[in-house]
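Contents: one structure, followed by commentary.
Chains as they are written, first to last, in our numbering: chain A, 52 to 524; chain B, 80 to 436.
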């Protein structure tokens with residue numbers, strides 16, 4: 052080939068082309084950085100936030116129980132228990148509010164495109180949360196704390212009941228929002244990509260919603276039951292306020308066993324079936340099924356996903372169980388990840404797999420521990436069994452981990468979508484907020500939340516240390 | 080339907096500023112005027128008892144805005160990214176200050192949270208005013224540079240400041256001399272409001288002194304208001320056209336003026352609640368006048384390429400807005416009931432009321 056002038060201009064064209072490629076790649080990199088930091092900030096702030104509501108939702112139910120017992124038997128102990136836990140509730144509620152406002156803001160600040168496109172739908176459920184549950188909860192919480200003498204016992208019970216309703220309604224609206232993102236219904240997509248509400252009531256009859264809501268609420272009762280039982284075990288072991296220690300431990304163990312069972316069956320089972328039905332690729336990924344088996348699918352108990360060789364390392368599995376659990380048919384075939392295109396699968400399979408297995412593993416342990424504890428409670432030996440008491444006391448972080456990994460399972464499972472199958476996560480970020488600005492605010496949130504977490508522990512520790520007998524009034 | 084939701088959100092926002100405004104103001108009063116421990120304690124309490132139920136109005140306003148005007152929500156929240164996140168941090172700091180101050184009896188502990196409460200209250204009042212200034216001034220929608228837009232016409236991003244600190248450049252920042260002026264007006268207004276609240280709700284030893292402070296601040300406010308009107312003409316020459324076209328809108332500036340005039344008689348007003356009412360009028364009038372001057376625009380564009388954001392080009396679907404109306408009315412009635420019950424239980428001076436912690 053000879054070189055002539057045309058070729059030179061071709062060379063220049065090529066150079067220009069490469070130059071634009073570099074700019075394009077740089078821009079692409081910038082976009083990926085933006086997505087990464089937006090996701091990291093949301094993940095961090097929501098994880099921290101969800102430490103608090105999971106306790107308040109479950110605890111409000113237990114407070115209503117204590118107050119109700121007091122109305123029936125008039126034993127002062129129960130009333131003090133209700134008031135004591137409302138103090139702990141109040142600290143958690145405050146933390147929930149101050150860490151919850153950033154969540155609402157972030158829809159707009161970091162996920163502007165998502166807000167713009169779907170605000171007509173999720174704006175409904177989020178606004179309803181603010182209007183119906185948030186106001187209810189905060190007004191009646193204040194009344195419960197200040198108004199016992201003014202209102203009399205029956206009204207005081209009612210205010211507690213309203214706090215419970217408010218906090219569960221809050222969960223209901225948040226789950227309705229999330230259910231729509233997991234399994235979008237009742238909308239229409241316009242040509243400009245906007246989601247428009249088509250049928251309001253479908254948002255609340257979404258087949259994803261009720262199983263997810265019940266599962267989530269039961270899981271929050273598990274957290275609160277473990278917290279109550281753990282405080283009880285602490286008082287008994289410390290040999291101070293043991294009267295309350297026994298009451299808390301007993302109540303915590305009973306609530307704990309019932310809720311741990313309900314989390315697994317039927318609500319957990321129900322959710323798994325929904326994932327298998329509506330997000331089959333996600334189901335294969337979270338169960339760790341790389342290859343489709345001819346007959347029934349095995350259930351994986353332990354193993355590490357090896358994404359290079361597309362298999363599980365160090366696998367321990369039981370044959371045919373997954374098919375039976377999912378379809379009540381030992382030999383039903385379940386599609387493995389080999390049946391799906393890469394874009395139909397979640398983008399972080401190991402994280403999803405671990406989240407799901409940590410949740411399920413911990414859930415199983417909770418049932419076991421609470422079952423043993425209830426057995427010894429029945430044999431009237433629990434209060435003197437030190438090893439078991441120590442264990443119950445130290446188990447308290449684990450329901451939090453189980454709850455949060457449960458949410459990770461739902462959220463990682465939905466990736467790479469914000470609205471399953473319809474809107475990619477990468478298309479939802481704010482177009483004008485650069486990654487440097489997000490990293491700046493992320494660092495700020497990390498620092499602020501560390502301080503907040505520290506103060507929270509000091510405050511809750513102080514309340515627990517003083518105990519329900521401490522009445523300054 | 081858009082107009083209905085616009086008014087509803089404006090009302091909720093105005094309620095938020097009136098309610099949370101007094102506890103911001105109490106924070107500022109606390110920072111500058113409270114010297115004795117007893118005064119500090121009651122002033123903190125006068126805010127601490129109410130801040131969380133006041134702040135739910137902000138959450139409600141945010142939720143309603145998201146539902147009714149999603150495009151506006153997306154645009155403004157991402158465009159004012161840094162100031163909004165900083166406001167969030169300040170809200171958290173204030174809350175910690177209020178909630179943690181009384182937990183331990185050490186003087187150093189109290190001092191730390193006193194400052195945290197006071198300084199973040201002051202900065203929040205300033206930032207809310209600056210925010211209002213930004214909305215009134217407008218932003219560079221679509222980030223237009225030399226006539227070329229870098230983004231869609233409803234997206235923008237404002238740095239905290241532009242080196243010229245001028246509202247008249249092509250790329251104005253969040254903080255410039257005009258928005259800072261509005262911010263200072265906001266601080267002065269909320270300080271007056273907060274001082275009135277402290278007088279109304281407590282028997283603190285500085286109550287009498289505060290009346291003198293309110294009087295002086297009110298003179299400052301009158302001067303600043305006049306100044307801002309003149310400068311506003313400079314920033315946006317058409318700023319008062321709406322009032323000329325629709326004279327009935329003048330009712331909002333008149334409300335503001337009534338508050339301003341009323342407060343000059345602060346020392347003669349017998350009932351504390353009347354003084355509080357005047358500063359309430361001041362806030363209501365200030366916010367509604369600013370909104371009315373723009374209507375139906377909610378965020379003006381400072382370039383010629385993109386049109387202003389209005390309630391019509393940022394709203395959700397008609398179906399969505401009308402469905403929300405049904406549940407919205409129900410919700411609003413419930414909220415008013417809660418508020419009345421709560422206010423009745425906490426009426427009167429709060430000096431001896433138990434904090435509940």
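Yeah, the Cβ is synthetic: ideal placement off N, Cα and C, and Gly gets one too. Given the structure is predicted, the values throughout are model-derived calculations rather than measurements.
_Report the CB separation of residue 150/A from residue 100/A in whole angstroms; it is logged as a contact under 8 Å._
That belief holds up - the Cβ atoms of residue 150/A and residue 100/A are roughly 4 Å apart, short of 8 Å.
_For residue 370/B, count the other beta carbons within 10 Å of its own beta carbon; 16 or more makes it buried, fewer makes it exposed. Which is it?_
Using a 10 angstroms sphere on the CB of residue 370/B, the tally of other CB atoms reaches 16 or more, which defines it as buried.
*Sort 391/A, 338/A, 345/A and 384/A by Cα distance to residue 367/A and report the nearest one.*
Residue 338/A is the option with its Cα nearest to residue 367/A.
_Quick check: does the Cβ of residue 292/B come within less than 7 Å of any heavy atom belonging to the ligand FAD?_
The ligand FAD is absent from the structure shown, which contains no ligand whatsoever.
*Enumerate in chain order the residues of its own chain whose CB-to-CB distance from residue 332/A is below 6 Å, with the five nearest sequence positions on each side excluded.*
Cβ neighbours of residue 332/A beyond the five flanking positions: 391, 395 and 396.
*asked:* Can you check whether the C-beta of residue 118/A is within less than 8 Å of a C-beta belonging to chain B?
replied: Interface with chain B (8 Å Cβ-Cβ cutoff): residue 118/A is excluded.
*Does DSSP put residue 379/B in a helix, a strand or coil?*
When DSSP states are grouped into helix, strand and coil, residue 379/B belongs to the coil group.
*How long is the line joining the alpha carbons of residue 201/A and residue 140/A, rounded to whole angstroms?*
In a straight line, the C-alpha of residue 201/A is about 21 Å away from that of residue 140/A.
*Using a C-beta to C-beta distance shorter than 9 Å, which residues of chain A count as neighbours of residue 193/B?*
Correct list: empty, because the minimum Cβ distance to chain A is about 15 Å.
*asked:* Between residue 135/A and chain B, is any beta-carbon pair separated by less than 8 Å?
replied: No, its Cβ sits nowhere closer than 8 Å to a Cβ of chain B.
*asked:* For residue 330/A, which residues in the same chain have their Cβ closer than 7 Å to its Cβ, ignoring the five residues on either side in sequence?
replied: Closer than 7 Å at Cβ, skipping near neighbours: 464 and 471.
*By Cβ distance below 7 Å, which residues in the same chain neighbour residue 458/A in space, the five residues on each side in sequence not counted?*
The residues are 101.
*asked:* Please return the same chain residues whose Cβ sits closer than 8 Å to the Cβ of residue 434/B, not counting the five positions on each side in sequence.
replied: Only weak support is given to the placement of residue 434/B: the predicted model assigns it a pLDDT of 46, under 50, and the question is left unresolved by the model.
*Check the C-beta distance from residue 107/B over to residue 201/B and give it rounded, since I have them as a contact under 8 Å.*
Confirmed, about 5 Å.
*Just reading off the beta strand (DSSP E) that residue 366/A is part of, what are its end residues?*
Residues 362-369.
*Given a threshold of 16 other Cβ atoms within 10 Å of its Cβ, counted over all protein chains shown, does residue 255/B qualify as buried or as exposed?*
Classification of residue 255/B: buried, given that the 10 Å Cβ count is 16 or more.
*Cα-Cα, which of 259/B, 243/B, 186/B and 222/B is closest to residue 205/B?*
The residue with the shortest Cα to Cα distance from residue 205/B is 259/B.
*For residue 167/A, which residues in chain B fall below 7 Å Cβ to Cβ?*
Within chain B, the residues near residue 167/A are 149, 150 and 153.
*Could you spell out where the beta strand (DSSP E) holding residue 310/B opens and where it closes?*
Annotation for residue 310/B: no beta strand (DSSP E) segment contains it, though the alpha helix (DSSP H) segment containing it runs 286-314.
*asked:* Does the structure place the segment 480-488 of chain A close enough to the segment 152-165 of chain B that three or more beta carbon pairs sit under 8 Å?
replied: Enough Cβ pairs lie closer than 8 Å, so yes.
_8 Å Cβ cutoff, residue 178/B in contact with chain A_ = Put simply, the CB of residue 178/B is near chain A, with a gap under 8 Å to one of its CB atoms.
*Exposed or buried, which one is residue 421/B when buried takes at least 16 other CB atoms within 10 Å?*
Note on residue 421/B: 16 or more other CB atoms within 10 angstroms of its CB, so buried under the neighbour-count rule.
*From residue 209/B to residue 87/A, what distance separates their C-alpha atoms?*
Spanning the alpha carbons of residue 209/B and residue 87/A requires a straight line of approximately 31 Å.
*Using the C-alpha atoms, what's the distance from residue 74/A back to residue 62/A?*
For residue 62/A and residue 74/A, the distance between alpha carbons rounds to 18 Å.
*Is it right to say residue 309/B is buried, meaning 16 or more other beta carbons lie within 10 angstroms of its own, or is it exposed?*
By the Cβ-count criterion, residue 309/B is exposed, with fewer than 16 other Cβ atoms from all chains shown falling within 10 Å of its own Cβ.
*Among all the DSSP beta bridges, which residues are the ones paired with residue 238/A?*
Looking at the DSSP assignment, residue 238/A forms a beta bridge with 248/A.
*asked:* Using the three-state DSSP reduction, which class does residue 464/A fall into: helix, strand or coil?
replied: In this structure, residue 464/A counts as helix in the three-state DSSP scheme.
*Check the Cβ of residue 148/A against every Cβ in chain B and list those closer than 9 Å, keeping chain order.*
Near residue 148/A (Cβ distances below 9 Å), the residues of chain B are 131, 134, 135, 138 and 174.
*Tell me, which residues are paired with residue 357/A by DSSP?*
Paired residue(s): 362/A.
*asked:* Cutting at 6 Å between CB atoms, please list the residues of its own chain near residue 223/B, excluding the five before and the five after it.
replied: Within the same chain, residue 223/B has close Cβ partners 382 and 384.
*Per DSSP, residue 380/A is paired with what?*
Beta-bridge pairing links residue 380/A to no other residue.
_Cβ pair count under 8 Å reaching 3, the segment 340-360 of chain B against the segment 272-281 of chain B_ = Because the criterion of three Cβ pairs below 8 Å is met, the segment 340-360 of chain B and the segment 272-281 of chain B touch.
*Straight-line Cα distance separating residue 301/A from residue 431/A*: If I take the Cα positions, the gap works out to 11 Å.
*Would you verify that the beta carbon of residue 182/A is, or is not, closer than 8 Å to some beta carbon of chain B?*
Yes, contact with chain B.
*Interface residues of the segment 341-360 of chain A facing chain B [CB-CB below 8 Å]*: Of all residues in the segment 341-360 of chain A, none has a Cβ within less than 8 Å of some Cβ in chain B.
*Can you give, in chain order, each stretch of the alpha helix (DSSP H) that sits fully within the segment 57-130 of chain A and has at least 4 residues?*
Listed in chain order, they are 102-124.
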